[in-house]
Amino acid sequence: MGDTKSTLKSMQYIAFQGIEGAHSDLACRKAYPYMQTRAYATFEAVFEAVEKGEAELGMIPIENTYAGRVAEIHSLLPLAKVHIVAEHFQRVEHCLMAPKGAKLEEIVEVYSHPQALLQCREHLKNLNVRTEQYSNTAAAAEAVAKWNDKNKGAVASQLAAELYGLEILQTNIEDQKDNTTIFLVISKTPIHPDHGIVITTLVFGIRNIPAALYKALGGFATNNVNLLKIESYIKGGHSREAQFLSALLVILGKKMCSWH
Numbered sequence: 000m001g002d003t004k005s006t007l008k009s010m011q012y013i014a015f016q017g018i019e020g021a022h023s024d025l026a027c028r029k030a031y032p033y034m035q036t037r038a039y040a041t042f043e044a045v046f047e048a049v050e051k052g053e054a055e056l057g058m059i060p061i062e063n064t065y066a067g068r069v070a071e072i073h074s075l076l077p078l079a080k081v082h083i084v085a086e087h088f089q090r091v092e093h094c095l096m097a098p099k100g101a102k103l104e105e106i107v108e109v110y111s112h113p114q115a116l117l118q119c120r121e122h123l124k125n126l127n128v129r130t131e132q133y134s135n136t137a138a139a140a141e142a143v144a145k146w147n148d149k150n151k152g153a154v155a156s157q158l159a160a161e162l163y164g165l166e167i168l169q170t171n172i173e174d175q176k177d178n179t180t181i182f183l184v185i186s187k188t189p190i191h192p193d194h195g196i197v198i199t200t201l202v203f204g205i206r207n208i209p210a211a212l213y214k215a216l217g218g219f220a221t222n223n224v225n226l227l228k229i230e231s232y233i234k235g236g237h238s239r240e241a242q243f244l245s246a247l248l249v250i251l252g253k254k255m256c257s258w259h
């Protein structure tokens with residue numbers, strides 16, 4: 000996707016799902032350090048914030064190398080009146096944190112989002128601690144800070160530890176060191192690249208007949224369009240109606256092209 004940072008410096012807010020200190024918040028700050036992050040409770044609320052102009056940009060996770068795709072986004076993207084203007088790859092680095100003065104050997108219970116606990120399962124198992132699920136990694140850190148119990152810890156980002164005044168006992172405790180989340184950056188205003196190699200996203204449906212997908216893919220091949228990925232998903236729970244989300248690699252000439 001195109002580098003939009005130089006053209007978006009005048010913008011103020013970038014929206015994300017979660018609370019302050021979540022990995023999505025960290026991704027926003029890494030990708031757009033000159034913007035202010037704004038938290039929303041749901042992914043749908045992030046899309047609405049961008050559509051209404053409450054935030055100039057939104058950052059949405061679409062896939063994780065360890066946990067797989069974020070299925071909810073596939074349902075929201077086709078309905079949203081926004082444009083994908085960039086992508087961001089965020090390395091997920093989990094930290095074990097606790098109230099100030101706590102020692103690693105004192106930790107008995109560790110709180111975090113189920114996916115974070117799963118991604119750190121072997122490490123936490125070796126520490127012989129009991130794990131408890133929480134709604135969000137940053138929310139778990141906030142709760143541990145509020146409880147101020149040196150026997151309780153949280154798995155969250157370094158940013159969460161800084162925001163909620165916790166002490167980091169261990170860093171990079173994730174089992175897979177290549178754990179990365181791919182984020183899409185959405186905007187109400189499209190970008191019009193006119194040359195070079197770009198990536199765009201397409202959602203399309205096909206008729207429920209034999210070889211329909213084969214014929215659709217043939218159209219991309221004959222037009223020299225490279226499909227980087229293609230995913231099928233069921234729209235509205237009807238098993239006979241599938242849609243496809245594709246990432247396309249396109250070499251543009253002088254003709255203008257919009258992101259979709």
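Residues in the sequence shown are numbered consecutively from 0, following numbering that gives the first Met the number 0. Cβ atoms here follow ideal geometry from the backbone N, Cα and C, with glycine treated the same way.
From the DSSP output, read off the bridge partner residues of residue i.
i	result
H87	F182
T130	V109
Q169	L95
Rank the options by C-alpha distance to the C-alpha of residue i and give the top, closest one.
i	options	result
I181	R129, N171, K51 and V91	V91
A140	V197, K176, D174 and S111	S111
T170	Q157, L162 and A66	Q157
I72	L183, S23 and H122	L183
T64	A30, Y31, A115 and I208	A115
N178	L201, N207, Q89 and I167	Q89
D148	L227, G100 and V202	G100
E121	E43, K176 and L227	K176
E86	P209, L212, A26 and Y213	A26
Y213	I229, L201, I106 and I198	I229
Locate the alpha helix (DSSP H) running through residue i, then write down its first and last residues.
i	result
A155	Premise fails: A155 lies in the beta strand (DSSP E), K151 to A155, not in any alpha helix (DSSP H).
Y33	Unbroken run through Y33: none, as it is neither H nor E.
K145	T136 to W146
Enumerate in chain order the residues of its own chain whose CB-to-CB distance from residue i is below 6 Å, with the five nearest sequence positions on each side excluded.
i	result
E261	Any property of residue 261 remains undetermined from this structure, which presents the chain solely from 0 to 259.
V45	A14, Q16, Y39 and G57
I167	C94, M96 and A160
To which residues of the same chain is residue i closer than 8 Å at the C-beta, ignoring the five residues directly before and after it?
i	result
E50	A79, K80, V81 and K187
E108	V128, R129, T130, E131, N150, K151 and G152
H203	A small fix is needed here, since residue 203 is Phe in this sequence, not His. Closer than 8 Å at the Cβ level, and outside the excluded window around F203, lie A215, Q242, F243 and S245.
Tell me which same chain residues have a C-beta within less than 7 Å of the C-beta of residue i, skipping the five on either side of it?
i	result
E19	A38, A137 and L162
S23	F15, Q16, G17, M58 and P60
Could you pull the start and end residues of the beta strand (DSSP E) that residue i belongs to?
i	result
A14	Y12 to Q16
#### Entry: Segments assigned alpha helix (DSSP H), at least 4 residues, entirely inside the stretch 36 to 104
42 to 51 and 70 to 75
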